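Working notes, structure below.
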Amino acid sequence: MEETMGRLGEGYGSEYHLRRYLAVAPATLSAAIADEIGDGDRACEWLPFGAGKRGDRELRGMEFLDPTARGAWADFWSRTGTPPNWDAVGRRAGIREWVLVEAKAREGELVSPPCGAKEDGGRARIEQALRAARRHFGVADDRDWMGSYYQIANRLASLYFLTEIAKQPARLVFLYFVGDTFPDGSRCPASRADWEPLVAKANGVLGLPTDLDRVHHVFLPVL
29 MEETMGRLGE
39 GYGSEYHLRR
49 YLAVAPATLS
59 AAIADEIGDG
69 DRACEWLPFG
79 AGKRGDRELR
89 GMEFLDPTAR
99 GAWADFWSRT
109 GTPPNWDAVG
119 RRAGIREWVL
129 VEAKAREGEL
139 VSPPCGAKED
149 GGRARIEQAL
159 RAARRHFGVA
169 DDRDWMGSYY
179 QIANRLASLY
189 FLTEIAKQPA
199 RLVFLYFVGD
209 TFPDGSRCPA
219 SRADWEPLVA
229 KANGVLGLPT
239 DLDRVHHVFL
249 PVL
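When the letters of the sequence shown are read in order and numbered with the working numbering, they come out as residues 29 to 251.
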């Protein structure tokens, strides 16, 4: 299924606010990421979105890599179904380090549908990939990465693939927008303090250590 970006005119939601930053305040976004990483003020060079039938679409899987690395990804992840989609992909100036962004603007976005892959449709390969990622990140095998936080889990598996299999430096950035308002009244955190217990709950369910050095949490106000 094609993932098409939200319309800029909507004025709400993580896609809208991220694209707003990319359009009018990219330096602020890069600075916030660099500050969280803590290794100097490096700008991010953001890749263009993919072209879809109904407008821009998110980059999918590892389509932004070279053919050799894409082949390795095809061996690592399921070739059927929908691969992880990225809200933004960039490279940090000077060191060519990948930055993969997953953005959130309301509470409900942290929880995702469980993995829907079938036994005969790539589920075993996904389970194997998540198992390898869990072990890499020091997570016990009995933690459920296929359930309600599956989206976070597959993003972590993608980071594991990039750094450990493709051997390409990368960072995974979870970007949380503060102060959004949805027309349907969805609960939107109004501060970093509102987001933090929600993030802690997700990390607790997944069994994640708090000191993962290539996983970062960035909080920005809506523009």
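Heads up, the beta-carbon is just placed ideally off N, CA and C, and yes, glycines get one too. This one's a predicted model, so the numbers in the text were calculated from it and none came from an experiment.
In this structure I180 does not touch L240 by the C-beta definition: roughly 12 Å separates them, more than the 8 Å allowed. By DSSP's assignment, W114 forms a beta bridge with L87.
Excluding residues up to 5 positions away in sequence, L50, P54, A116, V117, G118 lie with their Cβ nearer than 8 Å to the Cβ of W74 in the same chain. Looking at the backbone, the Cα of D148 and that of V139 are separated by about 26 Å. With respect to R88, P111 sits close: the two C-beta atoms are nearer than 8 Å.
Checking the DSSP bridge columns, you'll see E73 partnered with R119. Secondary-structure assignment with DSSP links H245 through a beta bridge to F202. The shortest C-alpha to C-alpha distance from W173 to any of P211, F189, E155 is the one to E155. Counting along the chain, no alpha helix (DSSP H) covers E38, and no H or E run does either. For D67 and I123, the gap between their C-alpha atoms comes out near 11 Å. In the DSSP assignment, V129 falls within the unbroken beta strand (DSSP E) covering 125–132. DSSP places G78 in the strand class (E or B) of the three-state scheme. The residue from L248, D212, E135, L187 with its alpha-carbon nearest to that of W114 is L187. With a beta-carbon spacing of about 5 Å, L203 and V246 fall inside the 8 Å limit used to define contacts. In this chain, the alpha helix (DSSP H) harbouring G99 covers 95–104. Fewer than three Cβ pairs drawn from the region 156–164 and the region 213–231 lie within less than 8 Å of each other, which leaves the two stretches out of contact.
Distance between D170 and L184, taken at the CA atoms: about 17 Å.
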